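The first sequence begins at 4 in this note's numbering and counts up one residue at a time. Beta carbons: idealized from backbone N, C-alpha and C, even for Gly. Quick caveat: nothing in here was measured; it's all calculated off a predicted structure. Just below is one structure, and these are the notes that go with it.
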Amino acid sequence: MPGLAAPLIAWYRDAARDLPWRREGFGAWGTLVSEFMLQQTPVNRVVPHLEAWLTRWPTPADLAASPPGDAVTQWANLGYPRRALWLHRAAVEIRDRHDGVVPRDVDALLALTGIGDYTARAVAVFAYGDRHPVVDTNTRRVLARAVEGRAQPGPPNRRDLEAMEAELPADIAEAAIVNAAAMELGAIVCTARAPKCEACPLAAQCAWRAAGYPASEDRRRKQATYEGSDRQTRGAVLKTLREAAPAAVPAFAIIPEWPDAAQRDRAIDSLIADGLVEAVDDHLRLPGHPAS
DNA sequence: GACACGTGGAT
DNA sequence: TATCCAAGTGT
4 MPGLAAPLIA
14 WYRDAARDLP
24 WRREGFGAWG
34 TLVSEFMLQQ
44 TPVNRVVPHL
54 EAWLTRWPTP
64 ADLAASPPGD
74 AVTQWANLGY
84 PRRALWLHRA
94 AVEIRDRHDG
104 VVPRDVDALL
114 ALTGIGDYTA
124 RAVAVFAYGD
134 RHPVVDTNTR
144 RVLARAVEGR
154 AQPGPPNRRD
164 LEAMEAELPA
174 DIAEAAIVNA
184 AAMELGAIVC
194 TARAPKCEAC
204 PLAAQCAWRA
214 AGYPASEDRR
224 RKQATYEGSD
234 RQTRGAVLKT
244 LREAAPAAVP
254 AFAIIPEWPD
264 AAQRDRAIDS
274 LIADGLVEAV
284 DDHLRLPGHP
294 AS
């Protein structure tokens, strides 16, 4: 089986999008913030928020010095607001454990709040130029198709890292490009729906294409309905508090017209349990500095 | 390993 | 309109 590296590198040189975190000297903190924002949120929605974030908090210490609620407010409507809280915690950890410098070591990165297998290696590779396999959902789909001949990848697995490692050149700089190129291909060519196979640099060697594009076995779980969900309820509560911040809001004024009052109250309790909301007297607000 | 966790654009 | 999908992580 011929490797994917050479055609990916050649394709990426011409096809890569011009994205902020690919600019020369973007910095490890910028890379880290971008990766947090990109966890399950599309690129086009991230870009403007990323620039505003880095203008307000140019270093981890700057963010760590602000109350966590400010991070939740600045996060705005990017979704999964716990990521804002985790990013704030990671900034505190970086300040306290790493002298304010984003660590380079993968294990040190993995020890930070909100950083898992993907983000840790993305920072080590894209910010610091080290050699590791970086595997996101795009890469998993590219490998599933080009190498395994399947329409969709199976569930995430630690073997994914080994599968990508097998495609990386020994050269450190080239390995980084192959990581980025596999993600980019999955994002703009080898897409989940309507892949552009006629424009794919791997078409000649794609196992899925060679097998006649067999359909996936479709064991994927359907995404839960959002309308009427607890997630929607939490989102509505938090939106109210973001828009009022930094002021606290009387508890009775939190989405008072919500159809299911019990669901609303459960959402508030779960947000408090998650540390996204604080209760003070009969008011709610986004979290301030912890009492010392 | 399954599940919870936001939000908005595309089909 | 309903469903799918998006640079994942923690429990």
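Whose CA, out of the options, lies closest to the CA of residue i?
i: residue 58; options: 176, 110, 214, 36; result: 36
i: residue 280; options: 87, 127, 6; result: 87
i: residue 26; options: 105, 96, 50; result: 50
i: residue 48; options: 290, 23, 171; result: 23
i: residue 190; options: 10, 95, 9, 19; result: 19
i: residue 255; options: 246, 271, 249; result: 271
i: residue 216; options: 206, 130, 223; result: 206
i: residue 144; options: 177, 56, 129, 186; result: 186
i: residue 38; options: 183, 72, 224, 100; result: 183
i: residue 76; options: 292, 226, 249, 177; result: 249
i: residue 290; options: 218, 72, 241, 257; result: 72
i: residue 177; options: 129, 199, 204, 223; result: 129
i: residue 241; options: 275, 101, 218, 15; result: 275
Note down, in chain order, each residue of its chain lying with its Cβ closer than 6 Å to the Cβ of residue i, except the 5 sequence neighbours on either side.
i: residue 133; result: 127
i: residue 235; result: 229
i: residue 115; result: 93, 96
i: residue 146; result: 166
i: residue 60; result: 66
i: residue 227; result: none
i: residue 181; result: 8, 11, 171
i: residue 168; result: 136
i: residue 204; result: 10, 14
Taking the C-alpha atoms as reference points, what is the distance between residue i and residue j?
i: residue 188; j: residue 67; result: 36 Å
i: residue 152; j: residue 165; result: 17 Å
i: residue 117; j: residue 278; result: 14 Å
i: residue 230; j: residue 6; result: 45 Å
i: residue 149; j: residue 212; result: 8 Å
i: residue 209; j: residue 237; result: 43 Å
i: residue 220; j: residue 157; result: 10 Å
i: residue 269; j: residue 263; result: 10 Å
i: residue 29; j: residue 179; result: 16 Å
i: residue 111; j: residue 17; result: 34 Å
i: residue 121; j: residue 155; result: 19 Å
i: residue 162; j: residue 69; result: 39 Å
i: residue 90; j: residue 13; result: 35 Å
i: residue 171; j: residue 246; result: 46 Å
i: residue 159; j: residue 74; result: 29 Å
i: residue 282; j: residue 259; result: 17 Å
i: residue 11; j: residue 34; result: 22 Å
i: residue 46; j: residue 214; result: 32 Å
i: residue 293; j: residue 239; result: 25 Å
i: residue 55; j: residue 223; result: 36 Å
i: residue 173; j: residue 101; result: 30 Å
i: residue 257; j: residue 107; result: 43 Å
i: residue 21; j: residue 218; result: 33 Å
Within the same chain, show all residues whose beta-carbon is closer than 8 Å to that of residue i, passing over the 5 residues directly before and after it, in chain order.
i: residue 252; result: 243, 244, 286, 287, 288
i: residue 83; result: 42, 43, 44
i: residue 202; result: 192
i: residue 175; result: 132, 133, 134
i: residue 233; result: 266, 269, 270, 273
i: residue 113; result: 119, 120, 123
i: residue 261; result: 236, 239, 267
Tell me which same chain residues have a C-beta within less than 7 Å of the C-beta of residue i, skipping the five on either side of it?
i: residue 52; result: 40, 79, 81
i: residue 63; result: 32, 94, 97, 98, 103, 105
i: residue 109; result: 123, 124, 127, 135
i: residue 85; result: 277, 279
i: residue 199; result: 192
i: residue 15; result: 180, 183, 184, 187
Would you say the stretch 140-153 touches the stretch 176-196, given that touching needs at least three Cβ pairs under 8 Å? Counting Cβ pairs under 8 Å, three or more are found: they touch.
In chain order, each alpha helix (DSSP H) run of at least 4 residues that lies wholly inside the stretch 128-188: Restricting attention to alpha helix (DSSP H) runs no shorter than 4 residues, the stretch 128-188 encloses them at 140-146, 162-168, ordered along the chain.
Within the stretch 241-272, ranges of the beta strand (DSSP E) (whole runs, at least 3 residues): As far as the stretch 241-272 is concerned, it has no whole beta strand (DSSP E) run of at least 3 residues.
Minimum length 4: unbroken alpha helix (DSSP H) runs contained in the stretch 4-80: If we require 4 residues or more, the alpha helix (DSSP H) runs fully inside the stretch 4-80 come out as 8-18, 31-41, 46-59, 63-67, 71-78.
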